[in-house]
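For the record, in the sequence shown the residue sitting at position 248 is 269 according to this note's numbering, with numbers rising by one throughout. Where a beta carbon is used, it is the ideal one built from N, C-alpha and C, also for glycine. Please read all numbers here as calculations on a predicted model, not as lab measurements. Notes for the one structure printed next.
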Amino acid sequence: MLSTVTQSISYIIHMLDDLMEARISMERLDDVFQSRLEQSEQSQLRTLVNMKGHVSFENVTFRYEGDGKNILQNVNLEIMAGQTVALVGRSGSGKTTIANLLMNLYSPSSGTIRVDGHDLRTIDALSLRQKIGVVQQDTAIFRGTILENIAFGQEDVAFGEVEASAMLAGAHDFINELPLRYDTMIGEGGIRLSGGQAQRIAIARALLGNPPLLVFDEATSALDTESERKIQNNMELIVKNRTTLIIAHRLSTVKHADRIVVLDQGVTVESGTHEELLQAKGLYYYLVSQQL
Numbered sequence: 022m023l024s025t026v027t028q029s030i031s032y033i034i035h036m037l038d039d040l041m042e043a044r045i046s047m048e049r050l051d052d053v054f055q056s057r058l059e060q061s062e063q064s065q066l067r068t069l070v071n072m073k074g075h076v077s078f079e080n081v082t083f084r085y086e087g088d089g090k091n092i093l094q095n096v097n098l099e100i101m102a103g104q105t106v107a108l109v110g111r112s113g114s115g116k117t118t119i120a121n122l123l124m125n126l127y128s129p130s131s132g133t134i135r136v137d138g139h140d141l142r143t144i145d146a147l148s149l150r151q152k153i154g155v156v157q158q159d160t161a162i163f164r165g166t167i168l169e170n171i172a173f174g175q176e177d178v179a180f181g182e183v184e185a186s187a188m189l190a191g192a193h194d195f196i197n198e199l200p201l202r203y204d205t206m207i208g209e210g211g212i213r214l215s216g217g218q219a220q221r222i223a224i225a226r227a228l229l230g231n232p233p234l235l236v237f238d239e240a241t242s243a244l245d246t247e248s249e250r251k252i253q254n255n256m257e258l259i260v261k262n263r264t265t266l267i268i269a270h271r272l273s274t275v276k277h278a279d280r281i282v283v284l285d286q287g288v289t290v291e292s293g294t295h296e297e298l299l300q301a302k303g304l305y306y307y308l309v310s311q312q313l
């Protein structure tokens, strides 16, 4: 009798937990329905056609709505077309926020962000994001074939384009060793693939369509040394003839960037090449020494 009562109480508690989760989910869904349409719906915005990849942040300050704390403070940053720039700094220094602002996921609280000289607020967000390839730490792999995973989000893609992207990402060789090659089924989250293989699939997807701007946001931080090395061996080809923004915690991945920008508490405190920053013996020197 006591056991039955205990089981019933436990069942009710689980039901209450499920109801609470459902309520939270409904509130989040309601927030989506209530949110305003993105500016890209407005016909007067500029559509990017031929993007060169010149990026500039001019006195950019950012804080989340309702939060008085600035995540970024008067950031000035210029990335020339075709240049590779790395952002480094402690966790919470604002590195990923810069990438999110560049992709127009948020608008700066003050200051201006420009792409090819155009204020980001005047550019159609969809046309901007179609020109940016993004690789993040958490690799988005879904259940389907490798071909479907690489071509995800692209319409009317020829197999040759997929294959070329895979070659550039260093994925083609291991794909050809799989039973059905590009038609091999993989599970959600990259089941049947190693971490390095899944990340190379993600890089191939980002490269498809030859985007003029690439963003690597902690793309190799969760990989083992061997997987990271294989990706780094291809980086020179990957970044060739395109603007690349690399956000990294593992500083061994940014040594060959054209320029390294160091952030601390939302402020840019150093900028230079790997060798220049080591000689300066500032925050970058300290961060590198902590990883040796």
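Given residue i, which residues of its chain have a CB within under 6 Å of its CB, disregarding the five upstream and five downstream residues?
| i | result |
| --- | --- |
| V309 | L272 |
| N125 | L141, A146, L149 |
| A301 | none |
| N255 | G191 |
| G132 | E79, N80, V81, T82 |
| Q312 | L272 |
| E99 | S77 |
| K73 | A102, D137 |
| F163 | E209 |
| I224 | V156, A190 |
| R213 | I207 |
Residues in the same chain with beta-carbon distance under 7 Å from residue i, minus the five sequence neighbours each way, listed in chain order, please.
| i | result |
| --- | --- |
| V178 | A172, L229 |
| H315 | For the chain, the structure presents residues 22 to 313; residue 315 sits outside this window and is missing. |
| L304 | V283, D285, V290, E291 |
| R202 | I196 |
| Q151 | none |
| Q94 | T82, G287, V288 |
| I144 | L66, R67, L69, V136 |
| A120 | V236, D238, L266, I268 |
| S61 | Interpretation of S61 is limited by its pLDDT of 42, a score under 50 that renders its predicted location unreliable; no figure is taken from the coordinates. |
| G115 | I92, L93, L284, G287 |
| Y307 | none |
| K90 | R84 |
Excluding five sequence neighbours on each side, which residues of the same chain lie with their C-beta closer than 8 Å to the C-beta of residue i?
| i | result |
| --- | --- |
| Q275 | Inspection of the sequence shows that residue 275 is occupied by Val rather than by Gln. Correct list, in chain order: A107, V109, I267, A269, I281, H295. |
| Q175 | L229, G230 |
| L299 | Y305, Y306, V309 |
For residue i, which of helix, strand or coil comes out of DSSP?
| i | result |
| --- | --- |
| R280 | strand |
| E297 | helix |
| A107 | strand |
| R150 | helix |
| G217 | helix |
| E79 | strand |
| Q311 | helix |
| M256 | helix |
| V183 | helix |
| Y306 | helix |
| G99 | Before going further, note that residue 99 is Glu rather than Gly in the sequence given. Correct three-state label for E99: strand. |
| F237 | strand |
| E176 | coil |
| V53 | Low local confidence applies: a pLDDT of 49 at V53 is under 50, so the model's placement there is unreliable, with the coordinate-based value given in what follows. It is helical. |
| I21 | Beyond the ends of the chain as shown, which are 22 and 313, falls residue 21; an answer cannot be given. |
| S131 | strand |
| T265 | strand |
| T166 | strand |
| E291 | strand |
| L123 | helix |
| M72 | coil |
| H270 | coil |
| L201 | coil |
| I196 | helix |
| R142 | helix |
| I171 | helix |
| L229 | coil |
| S61 | Confidence at S61 is low in this model, with a pLDDT of 42, below 50, so the placement of that residue is unreliable and no value is reported for it. |
| L189 | helix |
Nearest CA to the CA of residue i: which residue from the options?
| i | options | result |
| --- | --- | --- |
| T118 | T133, R84, I144 | R84 |
| I153 | G293, H75, G165 | H75 |
| T246 | S215, A225, R263, V260 | S215 |
| A278 | P232, V288, Y307, F237 | F237 |
| T166 | G181, P200, E176 | P200 |
| P129 | G181, V96, G174 | V96 |
| S112 | I92, L123, L122, Q104 | I92 |
| I207 | P233, L168, A187, L234 | L168 |
| L234 | Y127, I259, I212 | I259 |
Am I right that residue i and residue j are in contact with their C-beta atoms under 8 Å? What's the rounded C-beta distance?
| i | j | result |
| --- | --- | --- |
| R226 | N262 | With 8 Å as the limit, R226 and N262 do not qualify as a contact, their Cβ atoms being about 19 Å apart. |
| Q104 | T264 | 6 Å |
Could you tell me whether the segment 182-192 touches the segment 240-258, using the rule of 3 or more Cβ pairs below 8 Å? yes
Touch check for the segment 153-164 and the segment 205-220: three-plus C-beta pairs under 8 Å? yes
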